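Numbering that gives the first Met the number 0 puts the first residue of the sequence shown at 0, with every later residue one more than the last. Heads up, the beta-carbon is just placed ideally off N, CA and C, and yes, glycines get one too. Note that this is a predicted model, so its numbers are computed, not measured.
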Amino acid sequence: MGRLFRAWIIAALPLLAGADTADERPPATTKPAAETRDQLLRRFVEEFVPIAPGRGKFPRTFVMGSKDGPASERQPHEATLSHEFAIAKFEAPQKLYEAVMGSNPSVWGGPRNSVEMVSHQDALRFCSRATTFLRRAELISDDEEIRLPSEAEWEYCCRAGTTTAYSFGDEARAANDRADRASLLDPYAWHTGNAAGNDPPVGALQPNAWGLYDMHGYLWEHVADAWHPDYRGAPADGSAWDAEQAHVPRVIRGGSWRDRYDLLRSTTRWSIPDHARSDAIGFRCVRAKVIHPAGAAVE
C-alpha cells in the first residue's frame with residue numbers, strides 16, 4: 000500500500016503554454032453552446048449498458064477473486080447474480096459531475112475526462128443527487144436509483160464473461176516488452192506504460208466485450224462495499240458487503256494511470272479511507288431497481 004499511496008500524493012501540474020501572438024491566433028469561431036444539466040443527464044442515461052445475468056451472453060454465476068493473487072483476492076468463490084441492472088459504459092465525466100454537484104474537483108480538467116479527486120462519500124452524494132434529478136426529469140422511474148456497483152457487480156462487468164487475468168486474456172505484456180511497457184494492455188487501459196503526457200476523455204481506448212470502457216486503468220473506481228482483507232464471509236448473491244457501515248475503509252477497483260500493468264487485473268482490489276481523495280480515483284454508476292431493507296427489489 001505504501002508505494003501506491005506515495006504515488007497518489009505526487010502533484011503533477013501541467014506546463015503553462017506561452018501566449019500566442021495576434022498574428023498566430025487562429026480565426027475566431029463560434030463556441031458551441033454548453034450542454035444544459037438536463038441534456039447531460041439525458042446523455043448519462045443513454046450511456047448505460049443493460050446487464051441481464053442468466054440471459055444470453057451474461058452468465059448467472061461467475062468465479063470472483065484469484066488463487067494466484069495476493070491474500071486480499073482469495074479465496075476464489077462463486078457469486079450468483081439474480082438481478083438485472085445497468086452499468087455506465089464510462090466512468091463519470093467531469094461536466095456531468097459539475098452539473099449535478101455544482102463544482103468540479105478534478106486536477107486534470109476536461110469536460111469528458113473522468114472526474115477525480117472524489118472520495119467514496121462524494122460518490123455517494125453524487126448518486127443520491129443524480130437519482131433525484133433523473134426522477135424529476137422522468138428519465139428514470141421512482142422505483143429506480145443511481146448507485147455505486149457492488150464489488151461483485153463491478154468484477155462481473157469487468158470480466159465480461161471471461162475467466163482470465165484481464166478481460167482480453169491472461170497476459171498484459173508481449174515477449175519483447177521492457178520496463179513498464181505492456182503492449183497487449185495498451186489498447187484497453189491507461190497505465191504507467193502509456194499514460195505519460197495524456198489527458199484523455201472517457202472512451203478513448205477499446206471497450207471490453209460488453210462495451211464497457213476503462214474498466215482496466217484510467218482511474219481506480221469506488222464501489223459500494225466496505226473493505227474486508229479477504230473474501231471469507233463474502234455475500235454469494237452479488238450484493239454489496241456491509242455497504243451501510245459508516246466511516247470505515249472502502250474498496251476501490253481497476254487500477255489507474257499511476258499504476259503498473261500488474262495492478263490493472265480484473266481481480267485487483269485495494270483499501271482506502273472513505274474520505275480520501277486522489278487524482279487517480281473516480282467512479283462509475285449503476286442504474287437499478289431500489290432494494291428495500293428486506294432485500295426484495297421493487298417491482
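C-alpha gap between residue i and residue j, whole angstroms
i: residue 72; j: residue 49; result: 27 Å
i: residue 39; j: residue 175; result: 44 Å
i: residue 179; j: residue 37; result: 42 Å
i: residue 82; j: residue 226; result: 23 Å
i: residue 299; j: residue 33; result: The shown model of the chain, from 0 to 298, leaves out residue 299, and the question about it has no answer.
i: residue 244; j: residue 228; result: 16 Å
i: residue 238; j: residue 142; result: 18 Å
i: residue 286; j: residue 55; result: 20 Å
i: residue 284; j: residue 125; result: 10 Å
i: residue 317; j: residue 117; result: Residue 317 is absent from the structure shown; the chain starts at 0 and stops at 298.
i: residue 45; j: residue 155; result: 21 Å
i: residue 97; j: residue 103; result: 5 Å
i: residue 206; j: residue 63; result: 21 Å
i: residue 69; j: residue 135; result: 45 Å
i: residue 290; j: residue 196; result: 43 Å
i: residue 172; j: residue 152; result: 27 Å
i: residue 267; j: residue 157; result: 11 Å
i: residue 111; j: residue 235; result: 36 Å
i: residue 67; j: residue 271; result: 23 Å
i: residue 127; j: residue 275; result: 19 Å
i: residue 185; j: residue 74; result: 29 Å
i: residue 250; j: residue 145; result: 18 Å
i: residue 99; j: residue 188; result: 27 Å
i: residue 259; j: residue 242; result: 29 Å
i: residue 248; j: residue 269; result: 10 Å
i: residue 8; j: residue 177; result: Unreliable placement is indicated for residue 8, whose pLDDT of 37 sits below 50; no coordinate value is reported for it.
i: residue 161; j: residue 170; result: 13 Å
i: residue 41; j: residue 121; result: 22 Å
i: residue 93; j: residue 101; result: 11 Å
i: residue 59; j: residue 253; result: 22 Å
i: residue 35; j: residue 165; result: 37 Å
i: residue 198; j: residue 61; result: 34 Å
Span of the alpha helix (DSSP H) around residue i
i: residue 114; result: From DSSP, residue 114 is part of no alpha helix (DSSP H); its letter is neither H nor E.
i: residue 288; result: Per DSSP, residue 288 belongs to no alpha helix (DSSP H); it is in the beta strand (DSSP E), 285-288.
i: residue 135; result: 119-135
i: residue 244; result: Neither: residue 244 is in no alpha helix (DSSP H) and is coded neither H nor E.
i: residue 201; result: Neither: residue 201 is in no alpha helix (DSSP H) and is coded neither H nor E.
i: residue 153; result: 150-158
i: residue 98; result: 93-100
Anticipated Cβ contact below 8 Å, residue i with residue j, distance rounded
i: residue 113; j: residue 262; result: Contact flag wrong, Cβ pair sits at about 17 Å.
i: residue 256; j: residue 223; result: Between residue 223 and residue 256 the Cβ distance is about 24 Å, and since that is not below 8 Å, they are no contact.
i: residue 52; j: residue 80; result: 4 Å
i: residue 57; j: residue 86; result: So it is not a contact: roughly 12 Å between Cβ atoms.
i: residue 209; j: residue 159; result: 4 Å
i: residue 108; j: residue 200; result: Between residue 200 and residue 108 the Cβ distance is about 11 Å, and since that is not below 8 Å, they are no contact.
i: residue 282; j: residue 220; result: 5 Å
i: residue 76; j: residue 230; result: 6 Å
i: residue 123; j: residue 147; result: 7 Å
First and last residue of the uninterrupted beta strand (DSSP E) at residue i
i: residue 62; result: 60-63
i: residue 224; result: 219-225
i: residue 333; result: Residue 333 falls outside the range modelled here, since the chain spans only 0 to 298, and no answer is possible.
i: residue 76; result: 76-79
i: residue 269; result: 268-271
i: residue 87; result: 84-87
i: residue 250; result: 249-252
i: residue 47; result: 47-50
i: residue 282; result: 280-282
Beta-carbon spacing of residue i, residue j below 9 Å
i: residue 105; j: residue 240; result: no
i: residue 212; j: residue 89; result: yes
i: residue 299; j: residue 215; result: A query on residue 299 cannot be resolved here, the shown segment of the chain reaching from 0 to 298 and no further.
i: residue 299; j: residue 193; result: No answer is possible for residue 299: it lies beyond the span of the chain, which begins at 0 and ends at 298.
i: residue 91; j: residue 233; result: no
i: residue 132; j: residue 288; result: no
i: residue 277; j: residue 115; result: yes
i: residue 264; j: residue 140; result: no
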